[in-house]
Amino acid sequence: AAVLIAGCTGSTGPAPATGSTPAGAAPPGNNLVPSPTDVVPENNQVTVTVQEKVYDGTIPVVFDGGKGQNLVSSIDVTLYRSDGQIQNAKIGKNKGDVADPVLLGTKDPNNPDRVVVYVSQMNGQRYKVADVLVEYRQR
Numbered sequence: 326a327a328v329l330i331a332g333c334t335g336s337t338g339p340a341p342a343t344g345s346t347p348a349g350a351a352p353p354g355n356n357l358v359p360s361p362t363d364v365v366p367e368n369n370q371v372t373v374t375v376q377e378k379v380y381d382g383t384i385p386v387v388f389d390g391g392k393g394q395n396l397v398s399s400i401d402v403t404l405y406r407s408d409g410q411i412q413n414a415k416i417g418k419n420k421g422d423v424a425d426p427v428l429l430g431t432k433d434p435n436n437p438d439r440v441v442v443y444v445s446q447m448n449g450q451r452y453k454v455a456d457v458l459v460e461y462r463q464r
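According to the working numbering, the stretch in the sequence shown is residues 326 to 464, in order.
Structure (structure tokens):
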């Protein structure tokens, strides 16, 4: 399981989409390279855990809380599947809340999926707190 703590002094967002790719899809191999997370001020820090992909392909993403838990206004999760599909989910603001809807990744052990988590806070700041590749582990 990947446990990620992050934050930033500025906010970054995803690059604007270009081209004629239909909504909810991207060319295979696109968006599958993780980038650094933001550095969150200590008093604003929260933790989101992107867990190992389950046998059915689901990827549990859990809000673990933190010093900045009461400052959170929303938590947005994006799954970039290795087959090009994109799925968005939200996580509640309470410790232990999980991504809804459940993220369904691919079951291809040779091509990991990417999960990116942004936390927005009441002061208007938006922090990328997780950006990881999640592999499908065969049992």
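Where a beta carbon is used, it is the ideal one built from N, C-alpha and C, also for glycine.
Quick one: Cα of residue i to Cα of residue j, how far?
{"i": "Thr-431", "j": "Asp-456", "result": "17 Å"}
{"i": "Val-454", "j": "Asn-413", "result": "16 Å"}
{"i": "Pro-434", "j": "Met-447", "result": "39 Å"}
{"i": "Asp-425", "j": "Gly-409", "result": "20 Å"}
{"i": "Ile-416", "j": "Val-375", "result": "12 Å"}
{"i": "Glu-367", "j": "Gly-393", "result": "8 Å"}
{"i": "Gly-382", "j": "Val-364", "result": "30 Å"}
{"i": "Gln-450", "j": "Ile-411", "result": "24 Å"}
Less than 9 Å between the C-beta atoms of residue i and residue j, yes or no?
{"i": "Arg-462", "j": "Leu-357", "result": "no"}
{"i": "Lys-378", "j": "Ser-399", "result": "no"}
{"i": "Val-386", "j": "Val-444", "result": "no"}
{"i": "Val-427", "j": "Val-397", "result": "no"}
Could you check where the beta strand (DSSP E) with residue i kicks off and where it finishes?
{"i": "Thr-374", "result": "371–375"}
{"i": "Thr-403", "result": "397–405"}
{"i": "Val-457", "result": "451–459"}
Is it buried or exposed for residue i, if we count other Cβ within 10 angstroms and need 16 for buried?
{"i": "Thr-334", "result": "Low confidence applies to Thr-334: its pLDDT is 35, below 50, so where it sits in the model is not reliable, and the reading given next is rough at best. That one is exposed."}
{"i": "Ser-407", "result": "buried"}
{"i": "Gly-391", "result": "buried"}
{"i": "Asn-535", "result": "Outside the displayed range of the chain (326 to 464) lies residue 535, so it cannot be described from this structure."}
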